[in-house]
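Single-structure report; data block below.
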Amino acid sequence: MPLYSYRCVLCGTPQELLCAVESKPGLVECCCGGDASPRVTRLARTPGRWGGVDTAHYNRGLGCHVDSYRDVDRIAEKRGLVPLSDMDAHFVDDAHDAYVAEAKQGEADTQEYQGLIASGVTAGEAAARTFSVSKMQDRGILDTAVKGE
Ligand SMILES: [Zn+2]
479 MPLYSYRCVL CGTPQELLCA VESKPGLVEC CCGGDASPRV TRLARTPGRW
529 GGVDTAHYNR GLGCHVDSYR DVDRIAEKRG LVPLSDMDAH FVDDAHDAYV
579 AEAKQGEADT QEYQGLIASG VTAGEAAART FSVSKMQDRG ILDTAVKGE
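Encoded structure:
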């Protein structure tokens, strides 16, 4: 049985799960209540049944059948794909961290918005306060030349 690696999108806690391929869950619940998504792993190049690695197979990354690993490289290059080995060492972790930060911010925004609604503020006012111009400028989402308050 393969060991699958997950990481919580809210708190970043890693988790490992030993289960059959067919029962691998898309998401796993974390102790914090968040969802842990599967971590991106690189498929290992394993020798084919007859010894070589250059055998025809279905390539999940490319989503098509290929004749050999040379074929994989050729198709990937044609599509402008960059091998993970050429990316910055922390590319996957950095992308994950950015995703986690965005998810946390989204959660905080949702709580603020719902809190305002619960206090009797109109939906329009709640949205205007939650996503105010100054806040969006502080986050670098909105140009500082924009005036709104
Ligand atoms: Zn968590």
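In the working numbering, the protein residues as written are 479 to 627.
Even for Gly, the Cβ is constructed at its ideal location relative to N, Cα and C.
- Assignment of His574 by DSSP, reduced to helix, strand and coil, places it in the helix class.
- Pairing Ala534 with Asp551 gives a Cβ-Cβ distance that is not under 8 Å.
- In the three-state reduction of the DSSP assignment, Ser597 falls in the coil class, being assigned neither a helical nor a strand state.
- According to the DSSP assignment, Val611 belongs to the alpha helix (DSSP H) that extends over 611-616.
- In the three-state DSSP reduction, Arg552 falls in the helix class (H, G or I).
- In terms of side-chain proximity, the C-beta atom of Leu505 is found no nearer than 7 Å to any non-hydrogen atom of ligand 1.
- Set against 7 Å, the gap from the CB of Gly512 to the closest heavy atom of ligand 1 is smaller.
- Short note on Leu488: C-beta closer than 7 Å to some heavy atom of ligand 1.
- By the criterion of a C-beta distance shorter than 8 Å, Glu494 is surrounded in its chain by Leu481, Tyr482, Ser483, Tyr484, once the five residues flanking it on both sides are discounted.
- In this structure Gly512 is buried. Its beta-carbon is surrounded by 16 or more other beta-carbon atoms within 10 angstroms.
- The beta carbons of Val578 and Val506 sit no closer together than 8 Å.
- Taking a contact as a CB-CB distance under 8 Å, the pair Gln615 and Thr622 counts as one, their CB atoms being some 5 Å apart.
- Distance between Glu590 and Met565, taken at the CA atoms: about 37 Å.
- At a cut-off of 7 Å, the beta-carbon of Cys509 counts as near ligand 1: some heavy atom of the ligand is closer than that.
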